[in-house]
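Student:
Number of protein chains: 2
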Amino acid sequence: MNAARKILKLDRPFEMHRGGTLQGVEIAYETWGDPAHRGDNAILIFTGLTPSAHAASSESDPSPGWWEDMIGPGRPIDTRRFFVICVNSLGSPFGSTSPVSINPATGRAYRLTFPVLTVEDIAHAGHEVVVSLGIEKLLAVVGPSLGGMTVLAYCALFPGAARSVVSISAAARSLPFAIALRSLQREIIRRDSAWREGDYAADAIPVEGMRLARKLGMITYRSAKEWGLRFGRERADLQRRPGDPFGIDFEVESYLENHAEKFTGQYDPNCYLYISRAMDLFDLADHGGSVNEALRRFTVERALVIGVETDLLFPIEQQQELAEGLAAGGREVTFVRLPSLQGHDSFLVDMDRFRPVIAEFLGSM
Amino acid sequence: MNAARKILKLDRPFEMHRGGTLQGVEIAYETWGDPAHRGDNAILIFTGLTPSAHAASSESDPSPGWWEDMIGPGRPIDTRRFFVICVNSLGSPFGSTSPVSINPATGRAYRLTFPVLTVEDIAHAGHEVVVSLGIEKLLAVVGPSLGGMTVLAYCALFPGAARSVVSISAAARSLPFAIALRSLQREIIRRDSAWREGDYAADAIPVEGMRLARKLGMITYRSAKEWGLRFGRERADLQRRPGDPFGIDFEVESYLENHAEKFTGQYDPNCYLYISRAMDLFDLADHGGSVNEALRRFTVERALVIGVETDLLFPIEQQQELAEGLAAGGREVTFVRLPSLQGHDSFLVDMDRFRPVIAEFLGSM
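So the sequence lines, in the order shown, correspond to chains A and B. Numbering follows full-length UniProt numbering, in which position 259 of the first sequence is assigned residue number 259; successive positions increment by one, without gaps. Numbering follows full-length UniProt numbering, in which position 7 of the second sequence is assigned residue number 7; successive positions increment by one, without gaps.
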């Protein structure tokens, strides 16, 4: 269901942050609510690694979005009051130009000829949508995970473009532990012989590599504590294949298997590799010489920084770094440290904790 | 160099804990120092997942052992005073009977026909060595990681066999987070087409699978904090292959690559699968109905439990559970909580913290 999807098509070349140019770039997005005069009530949302622009349901697409509980009439991002835009990341396969798109110069899909993708490019593409909608200054730019990195890039690249910023479980840059985990996920995909250096057929994608990489992702998106409480040592409710001494014994293994199966096939492997790498490459210090100097240059009036204590990928210390750097720069900062058990994924799951924090911040804007 | 390796060959069948019988079992071990009367000064060491029995150098094998800094004259496990035995785990490829051994009934390697391996079997094999050496009661049974699980199994299976126990970075059972990580490592190996359901040739082992599984292991053996301090965002000192957008950029990626390369080929994949699974299956609660009841039944006089605060695989709470359970059972318990940065691997690396703790405990025995 893509009935709510809008496409902005750029008629001028799109210069990539680390070099290279894309022609005829398309950026997919969805909107909810109505824009006020000059877009004073506009909120721009960037997504995490894999979601589409379908953040919430609407009349034209009633299927639930990835942040359904957060966006809508009476919800924290209240569509009766706000004009809400969610952008599909450049490089993502859900409507925006990406490695699966046709390169107009060759008539063939970009695949690995796509230029190096950065978080800055994703922010830039989002900004094109904002400008095309006639919005002069956003009320807020909001993003979780990769989306949180993207809002930081957005503030660095486009001073004066937003009155406030909401960074959720993000980081000024990736630390080696997170880089190592993502690097391994990418290598697992690339070592799948079906990957064929990115040249797989649409009906023969590297399914095994994607499935294993997804499992690794899922392990790191949650927390050991949550899984201990949730699964304990419960045994999986299925018959072991005879002669398979390494099949599924435990409930946690069965859970990972089921969820990885669902994901595989829904996401293009080359797009995954590009966006995953963009997260590693991002470093806010590139925009000022140091993270603190980059944050000092932000022009937003207010900032909300939310972090989760059990987050393995973007640990709470990285949230604190953002909050402190913004405060040192004279911004009015709200730093919220949540004790959610669901680790990095908490913003998708622990809605009872996240909703009031975001509602209060936006309600006071 | 296996010059120091001794082999105990059992002339009676070895009954496996979860069923099945092995004939002609061999158990590799090394010893240091001299046994006192009835072995009153004997210390038995079990190893982690991959090491051999070569825990320290000796005259017959001067190459450094895996715990070289811990064992020797004047070292915490002082070979001038103690008679030290280190056992190669049953199921490990370094001399003990394992999936690479020839099944005398068929004349062919066991491979996946090896029965389910458990931590109890590893403990049992170690006990056979102790009995064969004429030791009536060990001064101490010591083990880190899997070795720590094995000392727990040893105490549960052989009441009265040891005066004291030293459990290092171990656990009464594996929690779902650790199970998920090991399960994924095993799946990565099994999905390598070279694995061939365990039927690979000696010169065509599933190298890629082992390399990727090893990388995942290495990521989880250390801590995010250590890597942050050690690697930061340092770039790798090597030329990127042109046309490879996903090669090595960061120092941490280069480090993992180099270390995984070293490991691969040194360890038999089927053995790895069996021992890894044994760690998942272990549950001390099987020996008493609950972990606490199992610990209450221990007959040791004293226990030393060491845990590391940054350990991702066997978190400090699991060390505390052991210490509290042993204390509740009336044992004299020393619980040491170390702030080492090196995570689960600290017992191999942070010797300045580990040595005095072990020296003091054994010195007072």
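Cβ coordinates follow ideal geometry from the N, Cα and C atoms, glycine included.
Could you tell me which uninterrupted beta strand (DSSP E) segments, each at least 3 residues in length, are contained entirely in the region 116 to 151 of chain B, listed from first to last along the chain?
Tutor: Runs found: 140 to 144.
Student: Please list, in chain order, the chain B residues whose beta carbon lies closer than 9 Å to that of residue 295 of chain A.
Tutor: Chain B residues near residue 295 of chain A: none, gap ~17 Å exceeds 9 Å.
Student: Expressed to the nearest angstrom, what Euclidean distance is found between the alpha-carbon atoms of residue 27 of chain B and residue 88 of chain B?
Tutor: For residue 27 of chain B and residue 88 of chain B, the distance between alpha carbons rounds to 7 Å.
Student: Run through chain B and tell me which residues come within less than 7 Å of residue 138 of chain A, C-beta to C-beta.
Tutor: Per Cβ cutoff of 7 Å: no residues; residue 138 of chain A is ~30 Å from chain B at best.
Student: Of all the residues that make up the region 257 to 282 of chain B, which are near chain A by a beta-carbon distance shorter than 8 Å?
Tutor: Of all residues in the region 257 to 282 of chain B, 273, 274, 277, 280 and 281 have a Cβ within less than 8 Å of some Cβ in chain A.
Student: Just to confirm before moving on: does the CB-CB distance between residue 310 of chain B and residue 225 of chain B stay below 9 Å?
Tutor: For residue 310 of chain B and residue 225 of chain B, yes; Cβs fall inside 9 Å.
Student: Which whole runs of the alpha helix (DSSP H) in the region 337 to 362 of chain A are 4 residues long or more, in chain order?
Tutor: 346 to 349, all fully within the region 337 to 362 of chain A.
Student: Taking just the CA atoms, how far does residue 151 of chain B sit from residue 329 of chain B?
Tutor: Their backbone Cα atoms lie some 17 Å apart in a straight line.
Student: Taking the beta carbon of residue 234 of chain B as the centre, do at least 16 other beta carbons fall within 10 Å, making it buried, or is it exposed?
Tutor: Result: exposed.
Student: Kindly indicate the opening and closing residues of the alpha helix (DSSP H) around residue 205 of chain A.
Tutor: That residue, residue 205 of chain A, is in no alpha helix (DSSP H); it is neither H nor E in DSSP.
Student: Whose C-beta lies closer than 7 Å to the C-beta of residue 3 of chain A among residues of the same chain, with five residues either side of it excluded?
Tutor: Correct list, in chain order: 60 and 61.
Student: Among residues of its own chain, excluding the 5 on either side of residue 95 of chain A, which ones have a beta-carbon nearer than 6 Å to its beta-carbon?
Tutor: Closer than 6 Å at Cβ, skipping near neighbours: 5, 28 and 88.
Student: Do we get a CB-CB distance below 9 Å when we pair residue 245 of chain A with the residues of chain B?
Tutor: Yes, residue 245 of chain A lies at the interface with chain B (some Cβ there is under 9 Å from its Cβ).
Student: Quick one, are the C-beta atoms of residue 282 of chain B and residue 308 of chain B less than 9 Å apart?
Tutor: For residue 282 of chain B and residue 308 of chain B, no; Cβs fall outside 9 Å.
Student: Which chain A residues are close to residue 252 of chain B, counting only those with a beta carbon under 7 Å from its beta carbon?
Tutor: Those are 176, 179 and 180, listed as they occur along chain A.
Student: Using only alpha-carbon positions, find the residue among A:69, A:138, A:221 and A:23 that is nearest to residue 340 of chain A.
Tutor: Residue A:221 is the option with its Cα nearest to residue 340 of chain A.
Student: Provide the residue(s) that pair with residue 9 of chain A in DSSP beta bridges, ordered along the chain.
Tutor: Residue 9 of chain A is bridged to A:26.
Student: Just list the residues that DSSP pairs residue 332 of chain A with in beta bridges.
Tutor: Looking at the DSSP assignment, residue 332 of chain A forms a beta bridge with A:302.
Student: Checking contacts by CB at 9 Å: is residue 100 of chain A closer than that to chain B?
Tutor: Closer than 9 Å: no.
Student: Counting only C-beta atoms, is residue 228 of chain B closer than 9 Å to chain A at any point?
Tutor: Judged by the 9 Å Cβ criterion, residue 228 of chain B is in contact with chain A.
Student: With distances taken Cα to Cα, identify the nearest neighbour of residue 9 of chain B among B:159, B:53 and B:132.
Tutor: Closest option to residue 9 of chain B, Cα to Cα, is B:132.
Student: Among the candidates A:36, A:92, A:100 and A:159, whose CA atom is the shortest distance from the CA of residue 83 of chain A?
Tutor: Out of A:36, A:92, A:100 and A:159, A:36 has the C-alpha closest to the C-alpha of residue 83 of chain A.
Student: According to DSSP, what are the bridge partners of residue 162 of chain A?
Tutor: Paired residues: A:138.
Student: Does residue 64 of chain A have its Cβ less than 9 Å from a Cβ in chain B?
Tutor: Answer no: the Cβ-Cβ gap between residue 64 of chain A and chain B never drops below 9 Å.
Student: CA-CA distance, residue 366 of chain A and residue 45 of chain A?
Tutor: Residue 366 of chain A falls outside the range modelled here, since chain A spans only 1 to 365, and no answer is possible.
Student: For chain A, check one thing: does any of its Cβ atoms lie closer than 9 Å to the Cβ of residue 159 of chain B?
Tutor: For residue 159 of chain B, the answer is no, since every Cβ of chain A falls outside 9 Å of its Cβ.
Student: Looking at chain A, which residues of the region 315 to 335 of chain B have a Cβ within less than 8 Å of any of its Cβ atoms?
Tutor: Listed by position, the residues of the region 315 to 335 of chain B near chain A (Cβ gap below 8 Å) are 315.
Student: Using 10 angstroms around the beta-carbon of residue 172 of chain B, count the other beta-carbons present and answer buried if the total reaches 16, otherwise exposed.
Tutor: Buried.
Student: Distance check for residue 165 of chain A and residue 129 of chain A, CA to CA, integer angstroms please.
Tutor: Going from the Cα of residue 129 of chain A to the Cα of residue 165 of chain A covers about 17 Å.
Student: Mapping the DSSP letters down to three states, classify residue 45 of chain A as helix, strand or coil.
Tutor: In the structure shown, residue 45 of chain A sits in a strand (DSSP, three-state: E or B).
Student: If you count every other CB in all the chains shown that lies within 10 Å of the CB of residue 76 of chain A, and 16 or more means buried, which is it?
Tutor: Looking at its Cβ environment, which holds 16 or more other Cβ atoms inside 10 Å, residue 76 of chain A is buried.
Student: Would residue 232 of chain A be called buried (16 or more neighbouring beta carbons within 10 Å of its own) or exposed?
Tutor: With fewer than 16 Cβ atoms within 10 Å of its Cβ, residue 232 of chain A is classed as exposed.
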